[in-house]
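All residue numbers for the sequence shown refer to my numbering, where the first residue is 371 and numbers rise by one. Beneath this line is the structure, given in structure tokens, with notes to follow.
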Amino acid sequence: MTTAVRRIQFCAGHRVWKHEHRCANLHGHNYIAFVHAEAEHLDALGRVIDFSVLKEKIGGWIDANWDHGFICHREDSEAMCAMKAIPNQKVFELEANPTAENLADYLLRVVGPAQLNGSGVRLVRVVLWETENCYAEVSL
Numbered sequence: 371m372t373t374a375v376r377r378i379q380f381c382a383g384h385r386v387w388k389h390e391h392r393c394a395n396l397h398g399h400n401y402i403a404f405v406h407a408e409a410e411h412l413d414a415l416g417r418v419i420d421f422s423v424l425k426e427k428i429g430g431w432i433d434a435n436w437d438h439g440f441i442c443h444r445e446d447s448e449a450m451c452a453m454k455a456i457p458n459q460k461v462f463e464l465e466a467n468p469t470a471e472n473l474a475d476y477l478l479r480v481v482g483p484a485q486l487n488g489s490g491v492r493l494v495r496v497v498l499w500e501t502e503n504c505y506a507e508v509s510l
């Protein structure tokens, strides 16, 4: 199996709801996502998928929903209230706590299938760097 990998950068705010230390505060990161795509067969040009398509489909979704916005756990009423008090603030409600692990998993299991539907290509791994020192990795 051949894998194509695209690097996608974005900036977003979050807080880890009910965290026991400083990540309980509203803060942000310069994230870097590496999305790994596979296909049963290479296309006529010898590719899994054109890298620009991964940027357009996955990166486009990230730009529209997460980049320069705030990602909140749906049950974090304090953060949701604070974000909604800011006019035109981009807020994304996540079903889970917005940890690097859960964000990577959401890209892999929700965004990838929705954005690549019908292409014959699927995301099989997402590596999400939250800081220069910390990242989460999820695979199918």
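Beta carbons are placed, not taken as given, at the ideal position from N, Cα and C, and that holds for glycine.
Do V405 and I441 have their beta-carbon atoms positioned less than 8 Å apart in this structure? no
How about E465 and R495: are their beta carbons less than 8 Å apart? no
E500 beta carbon less than 8 Å from that of H399: yes
Using three-state DSSP, classify R377 as helix, strand or coil. strand
Given Y401 as reference, the closest of D433, C451, M453, F421 once Cα atoms are compared: D433
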